[in-house]
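Residue 64 in UniProt numbering sits at position 64 of the sequence shown, and the numbers go up by one each step.
Here's the structure we're looking at; comments come further down.
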Amino acid sequence: MVYAIAIFSIKPNIYAQNLEAADSLKILLTEDDTLSSTNKLIILSNLSQLCSSPEDVLTYSKRLLRSAHDHKQTNYVVKAYQYQGVAYRMKGNLKESLKQLIKSAELAKENHYLQLQAEAYLEIANTYTANSQFKNSLLYEKKAIEILRKDGDIKKLAINLLNTGYSYYTLNYLDSSLALYNEAEPLFDTTGLTIGKAYVIGNRALVYWQQGDDQTAERDLLKAIDMLEPLGDQFGMSDYHNQLGRLYAERNDITSSINHTNAALQMAKALDLKEQIRDASLLLSQLYEEQQDYTQAYTYQTQYITYKDSIENTETTKKMADLRTEFEVNQKEKEIAILEKSQLMNRTYIIIAVFLLALAILLILYFRQRLHNTRLMSANERKQHDEKIKKLLNTQETKALQSMVEGKDQERKRLAQELHNHFGSLLATIKVNINGIEEESIPNHYTLTTLVDQACNDIRNMSHSLNMGISENFGLVSALKELSEHLRQSGDLEVEFSASMCGHALAADEEITIYRIVQELVSNVLKHSHATKLSILLTCFEEEQIMNIMVQDNGRGFDTKNKPKSGGIGVETLNKMVADKQGDIKFDSNTISGTTVIIDLPLSYENIEEL
């Protein structure tokens, strides 16, 4: 994902100009003894901004801090703390960076320097972002936005809205992210900052994609690339091509996915963007594997591993590279000495040895590729075998459940008829006989009549409830209770089950579908979430004719950037069952609170058994 602040990175020619300006200021500061204290403060402040080396920034910002204290220039004290905080962040010392930046923000707040206060908040947010602490970053970005909306220039406000929109997106607050992107877009139009608007459109496309609107996401990603191309911003174009590659891969449009991912890879290589090279290589490896082009898949898989290791082990890789370079230089010198002294026969031996070595490498690569292909074929066969077994088990289980539900349904209706026809008739006869006796003949005549009426009502209500399917001893609720109890007895999972059913009995096929959906959700929890708590809630909304199914766990969740519909066979089966009933399914997951799946399943009139 592109982080929006990158669109304002320094271009090479501007970078060179900054170096020249910094050199000129250094000379002026050293050689001109007539400079006033105010001019020295200005020069030290500019040097702290223009120097590219964090060590130089620290040197000049510390001089600025001392001079500002001496001359009681509080605004420059605020700036000095801010420059030091940025320098420490560049050096990777995030703790010291936050310490200096917080000093800057507090001092600016005390003296009502609103612009400097907003700048300090933004730098604090950038430091938290550098440490992937996006929630803390968001707090300070919101503080900066509040100040900039009241007393700030439009350009800074637009940039901060763009950055904060990214923070919301990272935390999966999609509506808030979208609102800030929409607010930033007209501000970039007003300032004429085309590159900012391009990043708004591109980043907003990723929000649309996350919300399921991949058509709008595709359109806006292509538009953002078209806007960035004349500006020469290959960084942004590379990332958006990568995103398009993932989008087309989800659609199974392999050709388009490969084209965009290759474009991203070429741009990333031109800028040596290791993370984007890594991501593009992994996706290309997976795409070519799907096309059974195992040679290309192996090539990109190797490239992915290379860049992955390079990113994770930068220092180790650098040391190894230095040692390898030293070894190659020494080896080259030895080879030259040997070549100068050797005879024709010796050179022939060297050529033969090199040839044999190359042949050995080729053979190793060949057999390694064959081994990889064999593993892929074996994995594919195993997957097909597992699918057949699961399909067979599901079919058998569905038949068993059908029999269970229909059998219990018949038993329920038989009991209802027995209560109504036998006991109902018996009580009615008793009531007629009692009414035929004069009240004076029996002292408790009124009490007996009342009790018989009450018994008739109870029998009628019980029969009605059984016939309506409300009793919890039959059907879907009973089956789910048994499932919950079985899970509890395993000892590994705390299960909570609750059901609020309709006044109408569900047909057998409706109950089976709901049971299978819950069973599939529970299966996914057991397989993947590592949860300790599970909640199953059924709620029937009778007027809307909807059955709401909510299954929640406290497990490890999943990455919401990867759509759950692209998961394994279990999720595909779940989506199909819901789609077949014209239902709606939503996933909400994070690594802190776990996963919640909410399903709304329509209940048609045809499937409701009226009394």
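For each residue, glycine too, the CB sits at the ideal point set by N, CA and C.
Every value quoted in this text rests on a predicted model; they were computed, and no experiment measured them.
Legend entry - Inter-residue Cα distance where the pair is Lys527 and Ala249: 26 Å
Legend entry - Asn373 and Tyr294 closer than 7 Å at C-beta: Taking 7 Å as the Cβ cut-off, Asn373 and Tyr294 qualify as a contacting pair.
Inset, instruction - Could you spell out where the beta strand (DSSP E) holding Ile252 opens and where it closes? - result: This sequence places Asn at residue 252; Ile is not what is there. Premise fails: Asn252 is in no beta strand (DSSP E) and is neither H nor E.
Inset, instruction - Would you kindly report the start and end of the unbroken beta strand (DSSP E) that includes Leu534? - result: 533-541
Inset, instruction - Label Glu290 either buried or exposed according to how many other C-beta atoms from any shown protein chain fall within 10 Å of its C-beta, with 16 as the threshold for buried. - result: exposed
Inset, instruction - Taking Asn182 as the reference, give the member of Tyr76, Ile43, Asn163, Asn172 with the closest Cα. - result: Asn163
Inset, instruction - Could you pull out every residue in the same chain whose Cβ sits closer than 7 Å to the Cβ of Lys91, ignoring the five residues on either side in sequence? - result: Pro54
Legend entry - Stretch pair the segment 442-460 + the segment 483-501: three plus CB contacts closer than 8 Å: Two segments are said to touch when three or more pairs of C-beta atoms, one from each, lie closer than 8 Å; by this definition the segment 442-460 does not touch the segment 483-501.
Legend entry - Assigned exposure category for Asn252 - 16 Cβ within 10 Å defines buried: exposed
Legend entry - Residue range of the unbroken alpha helix (DSSP H) whose run includes Gln489: Residues 475-489.
Inset, instruction - Over the uninterrupted alpha helix (DSSP H) stretch that includes Met227, give me the two end residues. - result: Where Met227 is concerned, the enclosing alpha helix (DSSP H) starts and stops at 214-228.
Inset, instruction - Report the residue from Asp153, Ser97, Ile102 whose alpha carbon sits nearest the alpha carbon of Ala130. - result: Ranking the options by Cα distance to Ala130, first place goes to Ser97.
Legend entry - Identity of the residues DSSP links to Gln82 by a beta bridge: Bridge partners of Gln82: none, in fact.
Inset, instruction - Give the DSSP-derived three-state secondary structure of Asp453 in the structure shown. - result: It is helical.
Inset, instruction - Find out if the Cβ-Cβ distance for the pair Asn524, Asp600 is shorter than 7 Å. - result: no
Legend entry - Contact between the segment 181-197 and the segment 221-235 (3+ Cβ pairs under 8 Å): yes
Legend entry - Phe134 - containing alpha helix (DSSP H), residue span: Boundaries of the alpha helix (DSSP H) around Phe134: 134-151.
Legend entry - Extent of the continuous beta strand (DSSP E) to which Val495 belongs: Start and end: 494-500.
Inset, instruction - Could you work out which residue in Val597, Gln582, Lys581 is closest to residue 612 when comparing CA atoms only? - result: Since the first residue shown for the chain is 1 and the last is 611, residue 612 is missing from the structure and cannot be characterised.
Inset, instruction - Could you spell out the range, first to last residue, of the alpha helix (DSSP H) harbouring Lys109? - result: 94-110
Legend entry - Val551, enclosing beta strand (DSSP E) - first and last residue: Start and end: 546-553.
Inset, instruction - Using the DSSP secondary-structure output, state which residues sit across from Asn590 in a beta bridge. - result: Gly594
Legend entry - Thr127 beta carbon less than 7 Å from that of Leu94: yes
Legend entry - Beta-carbon proximity list for Glu123, same chain, < 7 Å, skipping 5 on both sides: These residues qualify, in order along the chain: Gln82, Gly85, Val86, Leu101.
Inset, instruction - Please list, in chain order, all residues of the same chain as Ala205 whose beta carbon is under 6 Å from its beta carbon, the five residues on each side excluded. - result: Ala217, Asp220, Leu221
Inset, instruction - Could you check if Arg368 is buried or exposed, using at least 16 other CB atoms within 10 Å of its CB as the buried criterion? - result: A residue is called buried when at least 16 other Cβ atoms come within 10 angstroms of its Cβ; Arg368 does not meet this threshold and is exposed.
Inset, instruction - Taking 7 Å as the cut-off, decide whether the C-beta atoms of Leu41 and Tyr76 are in contact. - result: yes
Inset, instruction - Drop a sphere of 10 angstroms on the beta-carbon of Arg510, count the other beta-carbons inside from all chains shown, and report buried for 16 or more, exposed for fewer. - result: Looking at the sequence shown, residue 510 is not Arg but Glu. It counts as buried.
Inset, instruction - Could you check if Thr513 is buried or exposed, using at least 16 other CB atoms within 10 Å of its CB as the buried criterion? - result: buried
Legend entry - Residue range of the alpha helix (DSSP H) that includes Gln582: Here Gln582 belongs to no alpha helix (DSSP H), and DSSP marks it neither H nor E.
Inset, instruction - Please classify Leu178: is it buried, with 16 or more other beta-carbons within 10 angstroms of its beta-carbon, or exposed? - result: buried
Legend entry - Length of the line joining the Cα atoms of Ile470 and Val477: Here Ile470 scores only 42 on pLDDT, less than 50, and its place in the model should not be relied on; the value that follows carries that caveat. Whole-angstrom Cα-Cα distance: 9 Å.
Legend entry - Backbone CA spacing between Ile546 and Tyr446 [nearest angstrom]: 47 Å
Inset, instruction - Excluding the 5 residues preceding and the 5 following Leu448 in the sequence, name in chain order all residues of the same chain whose CB lies nearer than 6 Å to its CB. - result: Ile434
Inset, instruction - Helix, strand or coil for Arg324, going by three-state DSSP, please let me know. - result: In this prediction, Arg324 scores a pLDDT of 44, lower than 50, which makes its location untrustworthy; the coordinate-derived value is nonetheless stated afterwards. DSSP places Arg324 in helix when its eight states are reduced to three.
Inset, instruction - Enumerate in chain order the residues of its own chain whose CB-to-CB distance from Ile430 is below 8 Å, with the five nearest sequence positions on each side excluded. - result: Val452
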